[in-house]
Amino acid sequence: MKKYSFVVFLVVFSLFSKAQIKLFNNGDIAIGSITTPRQSIELMGNTLFTKSATTLTSSPLIVGENGFSDKGNPSFTFYGDDKTGIFHNAFNSLGLTVGAKSRILLNNHGSVFTDSISYLFNSGSAAMIRSVHEYSSASSPDYSWFNNDNTGIYHPDHNNICFSIDGVSAMCMEWAWNSGLSVNWHRTTNSGTLKLLRGDREPSASNQYMDLLYDPNLGGVINSGSDEVYFYNYETENYNSLYTNEVYQLSDFRKKKNIINVDSISRNKLFLLNAKKFNYKNSKLSTPDKYGFIAQEVEQIFPELVETNGNGDKMVNYIALIPLLIDELQAQRKEINAMKAQLINCCSGFYDNGDKSMRIKNNGNGSANNEIGDNKNQLYQNKPNPFSEQTEIEWNIVEAINSGAYIYVFDLQGKMLYQHPIASVGEGKFSFRKESFEAGMYLYSLYVNGNEIDTKRMIISD
46 MKKYSFVVFL
56 VVFSLFSKAQ
66 IKLFNNGDIA
76 IGSITTPRQS
86 IELMGNTLFT
96 KSATTLTSSP
106 LIVGENGFSD
116 KGNPSFTFYG
126 DDKTGIFHNA
136 FNSLGLTVGA
146 KSRILLNNHG
156 SVFTDSISYL
166 FNSGSAAMIR
176 SVHEYSSASS
186 PDYSWFNNDN
196 TGIYHPDHNN
206 ICFSIDGVSA
216 MCMEWAWNSG
226 LSVNWHRTTN
236 SGTLKLLRGD
246 REPSASNQYM
256 DLLYDPNLGG
266 VINSGSDEVY
276 FYNYETENYN
286 SLYTNEVYQL
296 SDFRKKKNII
306 NVDSISRNKL
316 FLLNAKKFNY
326 KNSKLSTPDK
336 YGFIAQEVEQ
346 IFPELVETNG
356 NGDKMVNYIA
366 LIPLLIDELQ
376 AQRKEINAMK
386 AQLINCCSGF
396 YDNGDKSMRI
406 KNNGNGSANN
416 EIGDNKNQLY
426 QNKPNPFSEQ
436 TEIEWNIVEA
446 INSGAYIYVF
456 DLQGKMLYQH
466 PIASVGEGKF
476 SFRKESFEAG
486 MYLYSLYVNG
496 NEIDTKRMII
506 SD
C-alpha cells in the first residue's frame, strides 16, 4: 500500500510540476528525461548548487552540454558569472577561462598560455606572451608588450631568433654549422638605413656614428644597388676619417680576367692630373689643408676611378692610381739607365785638362746635335704646342721598317682618332691640321714594326 501511494505521489508530482524523473529496474535514475540514462544518474539541463533560498549573488553552476565546451561557455562556472570557469574544448584538454578569455590550457603535452595572447599585467606597457603552435613572424612576435604587440622577439625558424620593430624585422641571429653565429641586420627605416647610435644618448640625427647601406644580394637593405658602407657624421655633415693598421684588397689572379700590361697611353694620362690643395666647405668641420684631386676632373681622364655614391657625392679610388705610378717609375728607370749607358759610351776617354766633355757631331747644316740617342728610334715634341690650326710632328727611325710605321693620335681615353703612315727610314715630319678636332689635349705615338716607341702630348687651343 505504501509503495503504491509513493508511486502515485511521484506521478501526480511529475504531472503538476512538469518534472521528469524515472527510476529504472537496475537502479539507474534519469532526471529531466525518461530515456534510459547513460550513467547511474543522468541529469539533463544546468545544475545550480545553493546554500539557501535567500538572494543569490554567486553560486556554483554546472552547464549541461552535448559536446565540447569552450572559453565563452565553460562547463563548470558560476551563477551570475557564467563566462568564468573550467571548460573542456577537446580530448585530453582542460582549460581555465576568465571573462570568456582563455588563460590556461592543460593537455597531455604540458601547460601552455592560450587565447593567442597572455598578459603578465593587462595595462600600460606590460610584458606579453603570444601563444602560437608554429613559427612566429615579425608582425606577431612571441614576446612583446601590451599596446605594442608588433615589437619584440620572434622565432621564424629552427636555430633562428629575430627582433622586430613595428612589425618589421630589425635583426636576426642564426646558428650556421659552417660559419658559427651569423647576425643579419634588416631594414629599420623606410629609407633602408641602419643607424648606429651612441648608447648614452637618445636617438637623433645628431649623434649617429654611421649609416650602413648594402646590396640586397648580400642580405642587406635596398638602396642605390651598390654594396656601400658609409662613415658619416651628421653633426659635422661630412664623412668621417677611417683609421686602421692595414688594408688589403682582393688581387688574386684567379679572380681576374682580361689581364694586360699597362700601356704608355694610360700611364701618360697621369701627367694630365692636377693636384690641388683645398679645404672642405662645411664650416662645422675645422681641419688643416687637404691635398688631392677634384673628382670631376679625374673623371674626365680616368672615368673608371670615379664613382658616384647613393648620396650623389663623387668618390676617387686613389689606391688604383698606385699601379700606374709604379709603372711610370719603372719606365723612367729604364730611360734613366739607358741614358746613363749612352753617356758612358759617348763620353768615356774624352777629357780636356781633367774635365769630362761631351762628344759633339755636326749634322752638316751648321747645327750641333748630341750624339746620345742617335742610334735609336725617336719621336719629337710637336711644334708649335699648343696650336690652333696646325703643328709639325717630327721623328727619326733608325731600324728597317718591316711591318709598317705609323704616327697615331689618341684622345685621353685611348681611342685612336687619326693615323699617319711612314714610308721610309730616317728623319721625317708631317703637318697635323686641327680640322675636325675640338680644342683640348691629345696624345700622339710613334709605332715601328708594331712596337710603341714613344708617346707625347699636344694641345689644341681655341
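If you read the sequence shown in this note's numbering, its first letter stands for residue 46, the second for the next number, and so on. The C-beta atom is built at its ideal place from N, Cα and C for all residues, glycine as well.
Below 6 Å CB to CB, which residues in the same chain sit around residue i once its five sequence neighbours on both sides are set aside?
| i | result |
| --- | --- |
| Tyr492 | Tyr451 |
| Gly409 | With a pLDDT of only 37 at Gly409, under 50, the local geometry of the prediction cannot be trusted, and the value read off the model is given with reservation. There are no such residues. |
| Ile74 | Leu68 and Ile86 |
| Ala340 | Val351, Lys359 and Val361 |
| Asn223 | Low confidence applies here, because Asn223 scores a pLDDT of 41, under 50, leaving its location unreliable; read the following figure in that light. Taken in chain order, the list of residues that qualify is empty. |
| Asp499 | Leu424 and Leu491 |
| Ser184 | Asn195 and Gly212 |
| Ile66 | Ile76 |
Only counting the same chain, and skipping five residues up and downstream in sequence, which positions put a Cβ closer than 8 Å to that of residue i?
| i | result |
| --- | --- |
| Gln345 | Leu457 |
| Gly394 | Its pLDDT being 45, under 50, Gly394 is placed unreliably by the model, and the measurement read from it follows with that caveat. Correct list: empty, nothing qualifies. |
| Val343 | Leu318, Leu350, Val351 and Val361 |
| Gln464 | Tyr451, Ile452, Tyr453 and Val454 |
| Thr353 | Lys359 and Met360 |
Is the Cβ-Cβ distance between residue i and residue j less than 8 Å?
| i | j | result |
| --- | --- | --- |
| Ile310 | Leu488 | yes |
| Phe123 | Ser104 | yes |
| Lys128 | Gly117 | yes |
| Phe475 | Gln435 | no |
| Lys314 | Gly337 | no |
| Gly130 | Thr142 | yes |
| Ile438 | Val470 | no |
| Ser433 | Lys479 | yes |
| Ile364 | Gln426 | no |
| Leu88 | Leu106 | no |
| Val307 | Leu370 | no |
| Ser214 | Gly197 | no |
Measuring alpha carbon to alpha carbon, tell me which of the options ends up nearest residue i.
| i | options | result |
| --- | --- | --- |
| His518 | Asp211, Lys385, Gly212 and Pro186 | Residue 518 lies beyond the residue range present for the chain, which begins at 46 and ends at 507; the question has no answer from this structure. |
| Asp202 | Ser181, Met216 and Ser189 | Ser181 |
| Phe482 | Asn496, Ser286 and Ile505 | Ile505 |
| Ala386 | Asn290, Gln375, Asn354 and Asn420 | Asn420 |
| Leu366 | Leu150, Gly355, Leu318 and Asn354 | Leu318 |
| Gly109 | Gln464, Ile381, Thr100 and Gly90 | Gly90 |
Work out the CA separation of residue j and residue i for me, nearest whole Å.
| i | j | result |
| --- | --- | --- |
| Ser147 | Ser97 | 32 Å |
| Arg312 | Val454 | 16 Å |
| Gly140 | Ser120 | 10 Å |
| Ile76 | Ser114 | 22 Å |
| Arg502 | Tyr325 | 33 Å |
| Phe323 | Lys335 | 5 Å |
| Cys207 | Phe191 | 19 Å |
| Ser138 | Ser78 | 29 Å |
| Asn441 | Glu497 | 14 Å |
| Gly459 | Val443 | 27 Å |
| Gly357 | Pro348 | 16 Å |
| Tyr188 | Glu179 | 14 Å |
| Ile305 | Phe298 | 12 Å |
| Pro431 | Thr289 | 46 Å |
| Gln84 | Leu150 | 28 Å |
| Ser296 | Gly473 | 45 Å |
| Asp256 | Val292 | Because Asp256 sits at a pLDDT of 42, beneath the cut-off of 50, its placement in the model cannot be relied upon, and the following sentence gives the value as read from the coordinates. Distance between the alpha carbons of Asp256 and Val292: 21 Å. |
| Pro82 | Asn205 | 55 Å |
| Asn70 | Thr100 | 39 Å |
| Met384 | Leu287 | 44 Å |
| Ser466 | Asp507 | A quick correction: the sequence has Pro, not Ser, at residue 466. Each residue's Cα considered, the two are about 27 Å apart. |
When you measure from the CB of residue i to every non-hydrogen atom of the ligand SAM, does any distance come out below 7 Å?
| i | result |
| --- | --- |
| Met89 | Among the components of this structure there are no ligands whatsoever, and the ligand SAM is therefore not found. |
Within the same chain, show all residues whose beta-carbon is closer than 7 Å to that of residue i, passing over the 5 residues directly before and after it, in chain order.
| i | result |
| --- | --- |
| Gly495 | Ser448 |
| Thr102 | Gly125 |
| Ala135 | Phe113 |
| Glu373 | Arg312 and Leu315 |
| Asn152 | Asn137 and Ser138 |
| Lys428 | Thr436 and Glu437 |
| Thr95 | Leu101 and Ser104 |
- Which runs of the alpha helix (DSSP H), 4 residues or longer, sit entirely within the stretch 75-99? none
- Let me know the alpha helix (DSSP H) ranges lying completely inside the stretch 430-503, each 4 residues or longer, listed in chain order. none
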